[in-house]
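*Asks:* Please read through the structure below; I'll follow up with questions.
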Amino acid sequence: MININRIIAMIKKELITIWKDPKSRGFIIAFPLVQLLMFAFAVTMEVKNIDVTIIDRDNTQLSRELISRVTNSPQFRYVFYVDNEKDLKNNIDVQKSLLGLYIDNDFSQNIKRGKPTSVQVIVDGRQTNSASIANGYITQIINDFSNEISPQKGAKINPIVRNWYNPNLEYRWYVLSILVAMLSVVVTLILTALSIARERELGNFDQLIVSSLSSMEILIGKTIPPMMISMTLTIIMTIIVTTCFGMPFVGSVLLFLVAIFISLLSIVGVGLFISAICNTQQQAILSVMTFMMPAMLLSGFISPIDNMPKVLQYITYLDPIRFFMVLTRGIFLKGMGIVDVLLNVIPLIIIAIITLTIAARTFKRKLG
Amino acid sequence: MQTVTINNLTKKFNSTVAIDNLSLSIRKGKITGLIGADGAGKTTLLRTMIGLLLPNEGEISVLGFNPVTQKDELNEHIGYMPQKFGLYEDLTVLENLKLYADLKGVEHDFDKMLEFTTLAPFQDRLSGALSGGMKQKLGLACTLLGTPEFLLLDEPSVGVDPISRKDLIKMVKEMITPETTVLWSTAYLDEALNFDEIIVLDKGKSIFMGKPTDLADNTKDFENKVIELMGGFNMETSPIAQDYSEIQTDIEYTVVADNLEKRYGDFYAVKNNSFKIKKGEIFGLLGPNGAGKSTSFKMMCGLAKPTSGTARIMGIDILKEPEKARTNLGYMAQKFSLYGSMTVRQNLEFFASVYGVKNTKEKIKKAISTFNLEEYENQPAEDLPLGFKQRLSMACALIHNPPILFLDEPTSGVDIIVRKEFWVHITSLAQKGVTVMVTTHFMDEAEYCDRISLFYKGQTIAVGTPKELKEKANADNMEDAFITLIKESEK
Amino acid sequence: MKILFALVKKEFLQIMRDPSSIIIAFILPLISVFIYMYGLNLDSPRITMGIKNDNPTPETSTLVKSFGHSKYINSISTDNMKEIEKDIMRSKIRGAVVIPNDFSTKLERGKSADLLIIADGSETNTANYVQNYAMQISNLWLKTSKYKNAMAKQVIEQNSRFWYNPDLDSHHFILPGSIAITMTLIGILLTSLVIAREWERGTMEALLSTSVKPIHIVLSKYIPYFILGMLSLLFNVFLCVVCFNIPFRGNYFVLILVSGLFLFASLGIGLMISTKLKNQFLASLMSIGLGFLPALMMSGFLFPIRSMPLFFRIFTLILPPRHYVTFIESEFMAGSILPIVYVNAIYLSVLGFILFMAVLKNTSLRLEK
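Here the protein sequences come in this chain order: A, B and C.
The numbering of the first sequence is the numbering used here, which starts it at 171 and goes up by one.
The numbering of the second sequence is the numbering used here, which starts it at 47 and goes up by one.
The numbering of the third sequence is the numbering used here, which starts it at 1340 and goes up by one.
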């Protein structure tokens, strides 16, 4: 038994309660946008501004040439010359330098004599990903230099790299596609998770139920307003991301709208599910955290899902954020087609149906 | 000796004047009652006296201290019980007592207190799980700790049954010393009649100060005098009922409870509760706090699921077709449960649409005018004075012209005039064929009911007209009948 | 003193009664640490790649085999470019290697042979792995293949050493770093609602009419959550060190001291939110926006601060988790390095103190300002 007028009344009521307070209105808009701008500029996995401490015991033209190759490379920033190992260790200990380069005094002599020579690189391993990337950079520089001064040429493998969908490997594109999904998830979850819990705390919920609204009507009335808000928000963020940050949008707009609609619907489902089982807003917000933290970590944005143990891989099928992120990334950058979108949308539909059904049943059962 | 002297006190909130050039004094060692309509400034006055609010103008001296500058010193000598008393509902009875004892720096010697409040058997229960009357007793007990010199009680008896109310007064009288001053704000005029002195506030001004016996010597006259002082009450016909469409139905018993039972483990909250309410009847559910009234009420409108039995509204089973049954229902909850952040009009619009009311605009316009809500039309509901909140709740419950009205303590905490007004509405609606089920703690209101079911410990102990019950108990007023019948069932 | 003790006890009882605080302090870290340990790998994750050999010779087939044997790669052989396209689109594979048909010939002649590496650039982080793994495997293959004699001699050899974490195991820094996230949640999320709640339920009005002073109220909120946070810290350290064998080279006393300072500052943020925002929705949004997300994204825990633009590098300096992450990673892996300890400790205590004073100032003893 569904009556459209009642649902419209519910929606109006929800929007008034969320939207009326200028503070909460401001927050809902400003919060994701500020975070979007901040993280878009700040977050990257690339390693830049590497500072290096050098001991050059050789101090010949050849060693200085090698050092200048390092310092002229765009990833490197400051160079500190020291003359003893203690200072080098200290610079790395206090994180003044990420790398140390040690050139021994027989460096150029060995080269001239045609003997292999070696340089020592020391990397601060406390941040392993930065460490291995920085080490990769310096290896590249040293190899290039080595090949250049080598008298003979020989067989080698020359990589020809093609990065599809993102030829220059702009890390920001990746981050932006994730941020759009992540921030929508955060706002949608808080909006929905608190909604029923708040009414329960204030006693409104009993009144609603006695008002002969059916569970279905309450459910729809509780689903549409946050959907409207978060859809709008996601679209605004998408516009900002594509216009201000020059992020490509290769896919179909229509598919994108369908994809974010279903994704957000599944998040609303999770939020309402949390809200239906919690008695207070405090419990609701803590439950949101308990869901969001593992869901974000398992979504694959930090570390690929293929790398996880099988059990965790199966768990990620329950994680709406996982599919949401695949969809935003896929449509933004890869121009995902309808079949591929469907493949990711179906699990989300299942998640939405399950969570929404449980939510609707739970707020009835809670009455007894 | 004066405990409190106030000279030309004015307190404003933005532009609204809550206390208007008020001067008064309260004598030491006396119990003074503070009476007034909702929004008359009672709570503001109490809060200003203890320094929780700062006056805009005027001087206050309490126990020789100035609450504006000497709040800390003053607080050591007073006991204050706010309207919404600050019990920690997730702490047990004993833990609450210990907390407040430590805050006041007194010994943990609660035996007398626990015995007095009859809370001893429940000392390890979470205070959130106590009944309303028990909570108030515990709140009062916490306030009385450390034998304060000046006791300020803000409507301690709201929502409390007659027996517990008597206990509260007894507690205060026996726990204080002859030097203790008590200021007791209340909406129960029978209570006020027993105080040494009374102050009647109206719109921030004092309109009467003196001995209650100077006004009248019995409750009825006293009530009338107070009503007169507050501007009089002369509503005879209810404008709501006038426009209410006559309820047409062939069903004789519009509300039926059929062996309702609610069990938690071995504990029966409600035990085989059966009754039938005729069309157009006002049926009162009376009983002490925690007797199971609210649970029965909730089961009747399908908010709680009975362990067994069912209820029928207009012949429709509430368990089988809850939504259909509820369309016949107007419901007013004990606690204000409309949307606080929406305006009066928006609340009405919401409930009108939810109930599928036709010609909404007209209906809402009428509701606003009959309940005198014009002034507040565009204000958020949470900012309304209590009496107006209750009016709005009733307006929302009636917006769809329901044949049945469930009212759970609709007059709790509202002043005498609003209460009278409410009962004019209720009785007139009943004449239009509306069936009313109501709970109340005001025994004078029970007299308005056609029939009463007296509820105690989950069971009905007596059903009948007020007259029948009084005869049965051999009492001349409902309050005595109530107490006698309950005591009898104890045996 | 007695008043403070009573209030602290009350707060503790409330924490114990509400399981959600316990969940945030102990269960959530347990789940997270488990995921960080087994689910995340930031240095050598195993990825799936396609491989297409257009030059089938006995030698190149050993190259294909080396891809198959690598523990970092799950390789799928194919001879259809369309399939590679489809699989990359579906993220079934993260990239592919194509061996061109002149590959063996060129190597045989001692020339440079092209190897086509395709990566799914939409997932930038895995794209880098695709390239690195492909090159590592093929270079290693070349050195052992029959073409090794045709290779030029390497003039300069590079010898890299990774200090503090020689095997570059990312768990050694992620697990300690995750403690910062947990402590942020306890410090900010749990407390952001506690003062607002007292007002809402009317308990504040009753408290204010007793001899309670602002300092009592403020301390009674700090102390219990501080203790809860520190217990959670010990639990987390126990999980890391004992259960997951993460090396700890620092000093436990220093660890506890600086963690305490971090918690002190975080509690200040949480209680500040609570005194300022009475609306639970806004308070929740704020505590996630000021607490959780910056701690996850901008503390240096997952994304290097070094690479941020100057403005944001400076901006991160005001974030307590940034200081704490720097400290705790270093404390675990490199031991107590004094300059790192005291720079971060001083900042955290100054911030914590300022916030404490601000919270105290904002705790009014009246119902109005």
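Even glycine gets a Cβ: it sits at the ideal position worked out from N, Cα and C.
None of the values given here were measured: they were computed from a predicted structure.
For Ala262(B), which of helix, strand or coil comes out of DSSP?
*Replies:* In the second sequence, counting from the first residue as 1, residue 262(B) sits at position 216. Three-state DSSP puts Ala262(B) in coil, outside helix and strand.
*Asks:* Is the segment 440-449 of chain B close to the segment 66-76 of chain B, with three or more CB pairs under 8 Å?
*Replies:* For the pair of segments examined, the segment 440-449 of chain B was found not to touch the segment 66-76 of chain B: the number of CB pairs separated by less than 8 Å stays below three.
*Asks:* So Arg176(A) contacts chain B; which residues on that side make the cut at Cβ distance below 9 Å?
*Replies:* For this step, residue 176(A) is matched to residue 6 along the first sequence. Neighbours of Arg176(A) on chain B, chain order: Ser399, Val400, Tyr401 and Gly402.
*Asks:* Is it buried or exposed for Trp189(A), if we count other Cβ within 10 angstroms and need 16 for buried?
*Replies:* As a first step, residue 189(A) must be located in the first sequence, where it is residue number 19. Label assigned to Trp189(A): exposed.
*Asks:* Identify the contact partners of Ser457(A) in chain B, using a Cβ-Cβ distance below 7 Å as the criterion.
*Replies:* On the first sequence, position 287 is the one that residue 457(A) refers to. The premise fails here: Ser457(A) is roughly 18 Å from chain B at the closest Cβ pair, so nothing lies under 7 Å.
*Asks:* Between the alpha carbons of Ile1342(C) and Leu1606(C), how many angstroms are there, rounded?
*Replies:* Sequence index remark: in the third sequence, residue 1342(C) carries index 3 (1-based). Sequence index remark: in the third sequence, residue 1606(C) carries index 267 (1-based). About 21 Å.
*Asks:* Can you give, in chain order, each stretch of the alpha helix (DSSP H) that sits fully within the segment 48-132 of chain B and has at least 4 residues?
*Replies:* 88-95 and 117-121
*Asks:* So which residues of chain B does Phe1344(C) contact, with C-beta pairs closer than 9 Å?
*Replies:* Residue 1344(C) sits at position 5 when you count from the first residue of the third sequence. Simply Asp148.
*Asks:* Within the same chain, show all residues whose beta-carbon is closer than 7 Å to that of Leu346(A), passing over the 5 residues directly before and after it, in chain order.
*Replies:* Position 176 of the first sequence holds residue 346(A). Ala210, Val411, Phe415 and Met417.
*Asks:* Whose C-alpha, out of Lys285(A), Ile330(A) and Phe461(A), is nearest the C-alpha of Asp1453(C)?
*Replies:* The residue you call residue 1453(C) lines up with position 114 of the third sequence. Considering only alpha carbons, the answer is Ile330(A).
*Asks:* Once DSSP output is grouped into helix, strand and coil, what is the label at Ile1657(C)?
*Replies:* As a first step, residue 1657(C) is located in the third sequence; it is residue number 318 there, counting from the start. Coil.
*Asks:* Looking at chain C, is there any beta carbon in it that lies within less than 8 Å of the beta carbon of Leu98(B)?
*Replies:* Mapped onto the second sequence, residue 98(B) falls at position 52. Output row for Leu98(B): interface = yes.
*Asks:* Need the endpoints of the alpha helix (DSSP H) that Lys1348(C) sits in, please.
*Replies:* Residue 1348(C) sits at position 9 when you count from the first residue of the third sequence. Start and end: Lys1341 to Arg1356.
*Asks:* Flag Gln310(A) as yes if its beta-carbon sits less than 8 Å from any beta-carbon of chain C, otherwise no.
*Replies:* To locate residue 310(A), count along the first sequence from 1; it is residue 140. Gln310(A) does not count as touching chain C.
*Asks:* So which of Leu1694(C), Lys1560(C) and Trp1480(C) has the shortest CA-CA distance to Thr1401(C)?
*Replies:* Here residue 1401(C) corresponds to residue number 62 of the third sequence, with the count starting at 1. Out of Leu1694(C), Lys1560(C) and Trp1480(C), Trp1480(C) has the C-alpha closest to the C-alpha of Thr1401(C).
*Asks:* Can a CB atom of chain C be found closer than 8 Å to the CB of Arg332(A)?
*Replies:* In the first sequence, the residue the question calls residue 332(A) occupies position 162. Interface residue, yes.
*Asks:* Is there at least one Cβ from chain C nearer than 8 Å to Ser171(B)'s Cβ?
*Replies:* Taking the second sequence and counting its residues from 1, one reaches residue 171(B) at position 125. Checking the sequence shown, residue 171(B) turns out to be Arg, not Ser. Arg171(B) does not count as touching chain C.
*Asks:* If you draw a straight line from the alpha carbon of Pro512(B) to that of Thr485(B), how long is it in whole angstroms?
*Replies:* Position 466 of the second sequence, counting from 1, holds the residue named residue 512(B). Position 439 of the second sequence, counting from 1, holds the residue named residue 485(B). Those two C-alpha atoms are separated by around 14 Å.
*Asks:* Tell me, to the nearest whole angstrom, how far the beta carbon of Arg309(B) is from that of Thr353(B); I am working on the premise that it is less than 8 Å.
*Replies:* The count along the second sequence starts at 1 and reaches residue 309(B) at position 263. The count along the second sequence starts at 1 and reaches residue 353(B) at position 307. Between Thr353(B) and Arg309(B) the Cβ distance is about 4 Å, and since that is below 8 Å, they are a contact.
*Asks:* What in chain B is Cβ-close to Val1551(C), meaning under 9 Å?
*Replies:* Position 212 of the third sequence, counted from the start, is the residue given in the question as residue 1551(C). Asn121 and Leu149, listed in chain order.
*Asks:* How would you label Glu408(B), buried or exposed, when you count the other beta carbons within 10 angstroms and need 16 or more for buried?
*Replies:* Here residue 408(B) refers to the residue found at position 362 of the second sequence. Label assigned to Glu408(B): exposed.
*Asks:* Please go through the segment 271-354 of chain A and give each complete alpha helix (DSSP H) segment of 4 or more residues, from N-terminal end onward.
*Replies:* 277-282 and 298-319
*Asks:* Using Cβ-Cβ distances below 7 Å, what residues of the segment 374-387 of chain A are close to chain B?
*Replies:* Asn374, Asp376, Gln377, Ile379, Val380, Ser381, Ser382, Leu383 and Ser384
*Asks:* From which residue to which residue does the beta strand (DSSP E) around Gly256(B) run?
*Replies:* Taking the second sequence and counting its residues from 1, one reaches residue 256(B) at position 210. That run of the beta strand (DSSP E) goes Lys251 to Gly256.
*Asks:* According to DSSP, is Ser291(B) helix, strand or coil?
*Replies:* Locating residue 291(B) in the second sequence gives position 245, where the first residue counts as 1. Of the three classes helix, strand and coil, the one that applies to Ser291(B) here is coil, per DSSP.
*Asks:* What residues from the segment 276-305 of chain A come within 7 Å of chain C, judged by C-beta to C-beta, listed N to C?
*Replies:* Ile281, Pro286, Thr287, Ser288, Val289, Gln290, Val291, Ile292, Val293, Asp294, Gly295, Arg296, Gln297, Thr298, Asn299, Ser300, Ala301, Ser302 and Asn305
*Asks:* Can you confirm whether Glu105(B), when its beta carbon is compared against all beta carbons of chain C, has any partner nearer than 8 Å?
*Replies:* On the second sequence, residue 105(B) is found 59 positions in, with the first residue counted as 1. No - not a single Cβ of chain C is within 8 Å of the one on Glu105(B).
*Asks:* If I measure Cβ to Cβ from Pro431(B) and keep anything under 7 Å in the same chain, skipping five residues before and after, which residues do I get?
*Replies:* Here the question's residue 431(B) lines up with position 385 in the second sequence. Result list for Pro431(B): Asp84 and Gly85, in chain order.
*Asks:* Relative to chain C, which residues along the segment 458-484 of chain A have a C-beta separation below 7 Å, given in chain order?
*Replies:* Met459, Thr460, Met463, Pro464, Leu467, Leu468, Ile472, Ser473, Pro474, Asp476, Asn477, Met478, Pro479 and Leu482
*Asks:* When Cβ atoms are compared, which residues of the segment 1381-1395 of chain C fall closer than 7 Å to chain A?
*Replies:* Leu1381, Asp1382, Pro1384, Arg1385, Ile1386 and Thr1387
*Asks:* Is it true that the CB of Thr358(A) sits closer than 8 Å to the CB of Pro395(A)?
*Replies:* In the first sequence, counting from the first residue as 1, residue 395(A) sits at position 225. In the first sequence, counting from the first residue as 1, residue 358(A) sits at position 188. Cβ distance not < 8 Å, so Pro395(A) and Thr358(A) don't count as in contact.
*Asks:* Can you give the Cα-Cα distance for Gly538(A) and Leu197(B), rounded to whole angstroms?
*Replies:* Within the first sequence, numbered from 1, the residue matching residue 538(A) stands at position 368. Within the second sequence, numbered from 1, the residue matching residue 197(B) stands at position 151. Because Gly538(A) sits at a pLDDT of 44, beneath the cut-off of 50, its placement in the model cannot be relied upon, and the following sentence gives the value as read from the coordinates. C-alpha separation (whole angstroms): 41 Å.
*Asks:* By a C-beta neighbour count over all protein chains shown, 10 Å radius and 16 as the cutoff for buried, is Ala64(B) buried or exposed?
*Replies:* Position 18 of the second sequence holds residue 64(B). That one is buried.
*Asks:* Identify whether Lys325(B) lies in helix, strand or coil by the three-state DSSP scheme.
*Replies:* As a position in the second sequence, residue 325(B) is number 279, starting the count at 1. Lys325(B) falls in the coil class under three-state DSSP.
*Asks:* Along chain C, in chain order, which residues have C-beta atoms closer than 8 Å to that of Asn219(A)?
*Replies:* Counted from its first residue, the first sequence places residue 219(A) at position 49. What Asn219(A) touches in chain C: Arg1645 and Ser1646.
*Asks:* For Leu214(B), go through chain C and note every residue whose CB falls closer than 9 Å to its CB, in chain order.
*Replies:* Here residue 214(B) refers to the residue found at position 168 when the second sequence is read from its first residue. Per Cβ cutoff of 9 Å: no residues; Leu214(B) is ~17 Å from chain C at best.
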